[in-house]
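Enquirer: Numbering (UniProt numbering), first residue to last: 1 to 174. Cβ atoms here follow ideal geometry from the backbone N, Cα and C, with glycine treated the same way.
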Amino acid sequence: MLETQRLILRQWQPTDLPLFVEMNADPEVMRFFPSTLSTQQSTQLFEKLFSLIEQQGWGWWAIEAKESGDFVGTTGLMQVSFKEWFTPATEIGWRIARQHWRKGYATEAANEALKFAKHKLALRNIVSFTTVQNTPSIGVMEKLGMQRTLPDFDHPNVAEETGLRRHALYEKQL
Numbered sequence: 001m002l003e004t005q006r007l008i009l010r011q012w013q014p015t016d017l018p019l020f021v022e023m024n025a026d027p028e029v030m031r032f033f034p035s036t037l038s039t040q041q042s043t044q045l046f047e048k049l050f051s052l053i054e055q056q057g058w059g060w061w062a063i064e065a066k067e068s069g070d071f072v073g074t075t076g077l078m079q080v081s082f083k084e085w086f087t088p089a090t091e092i093g094w095r096i097a098r099q100h101w102r103k104g105y106a107t108e109a110a111n112e113a114l115k116f117a118k119h120k121l122a123l124r125n126i127v128s129f130t131t132v133q134n135t136p137s138i139g140v141m142e143k144l145g146m147q148r149t150l151p152d153f154d155h156p157n158v159a160e161e162t163g164l165r166r167h168a169l170y171e172k173q174l
């Protein structure tokens with residue numbers, strides 16, 4: 001478990017599942033992804049995220065607001081699962097439920113994950129990427145002190161017809 005002033009980054013709990021499903025089914029939250037996720041897809045992802053933390057002690061944590069106990073979203077670290085010019089690499093990412101947007105939670109939680117990457121995992125470098133249209137996430141990357149690294153790339157797991165294949169890569173030395 002990791003803590004910030006306002007947030008707790010923790011292992012997933014069964015009560016998070018319906019909120020995780022709801023977040024992943026929200027077209028606004030998922031507008032920069034090829035599609036929303038079905039209940040089955042979200043459940044499978046939930047189980048994967050839970051297992052990764054259980055097995056290795058880190059991954060994508062659930063984010064909880066300290067004051068209210070509300071599920072906020074997820075942030076964390078994961079090995080990039082495809083081959084590209086910048087791999088192998090560890091990625092940092094986030095997904096925040098719409099009702100918690102514009103509160104600085106993504107930046108606050110991701111900053112704590114970066115500290116974990118540096119001090120607990122002894123990583124020296126971290127990457128993050130998103131479709132070039134995703135200016136909100138690009139803004140978080142820049143607030144984290146990440147630098148855009150060229151060239152942009154076509155994400156191999158995103159179909160061209162989605163219009164979301166071209167991705168910007170950001171990197172940070174830890």
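Check for me: the beta strand (DSSP E) holding Gly93 runs from which residue to which?
Expert: First-last of the beta strand (DSSP E) with Gly93: 90 to 96.
Enquirer: Counting Cβ pairs, one atom from each stretch, are 3 or more of them under 8 Å apart for the stretch 6 to 23 and the stretch 60 to 73?
Expert: Contact between the stretch 6 to 23 and the stretch 60 to 73 is present, because at least three Cβ pairs lie under 8 Å.
Enquirer: If contact is defined by three or more beta carbon pairs under 8 Å, each pair taking one atom from either stretch, is the stretch 154 to 173 in contact with the stretch 118 to 136?
Expert: Flag = yes, the stretch 118 to 136 and the stretch 154 to 173 touch.
Enquirer: With Gly24 as the anchor, note down where its alpha helix (DSSP H) starts and where it stops.
Expert: The question names Gly, yet the displayed sequence has Asn at residue 24. Where Asn24 is concerned, the enclosing alpha helix (DSSP H) stretches over 17 to 25.
Enquirer: Could you check what DSSP says for Leu174 in three-state terms: helix, strand or coil?
Expert: Reduced to three states, the DSSP call for Leu174 is coil.
Enquirer: Under 8 Å, do Arg95 and Gly69 count as touching if we go by C-beta distance?
Expert: Their beta carbons are not under 8 Å apart, which means Arg95 does not touch Gly69 by this criterion.
Enquirer: For the alpha helix (DSSP H) containing Phe46, list its first residue and its last residue.
Expert: Run containing Phe46: 39 to 56, per the alpha helix (DSSP H) assignment.
Enquirer: Label Gly1 either buried or exposed according to how many other C-beta atoms from any shown protein chain fall within 10 Å of its C-beta, with 16 as the threshold for buried.
Expert: The sequence shown places Met at residue 1, not Gly. That one is exposed.
Enquirer: Keeping to the same chain, check which residues put their C-beta closer than 8 Å to that of Glu108; ignore five residues upstream and five downstream.
Expert: Around Glu108: Thr4, Gln5, Arg6, Leu7.
Enquirer: Contact defined as beta carbons within less than 8 Å: I believe Ala89 pairs with Val127. What is the distance between those atoms, to the nearest angstrom?
Expert: The Cβ separation is near 5 Å, so the contact holds.
Enquirer: Measuring straight from C-alpha to C-alpha, what distance separates Glu67 and Glu47?
Expert: Those two C-alpha atoms are separated by around 27 Å.
Enquirer: Can you give me the C-alpha to C-alpha distance between Lys118 and Trp58, rounded to a whole angstrom?
Expert: When rounded, the distance between both Cα atoms is 13 Å.
Enquirer: Go ahead and label Leu150 buried or exposed: buried means 16 or more other beta carbons lie within 10 angstroms of its beta carbon, across all protein chains shown.
Expert: Answer is exposed; the Cβ neighbour count stays below 16.
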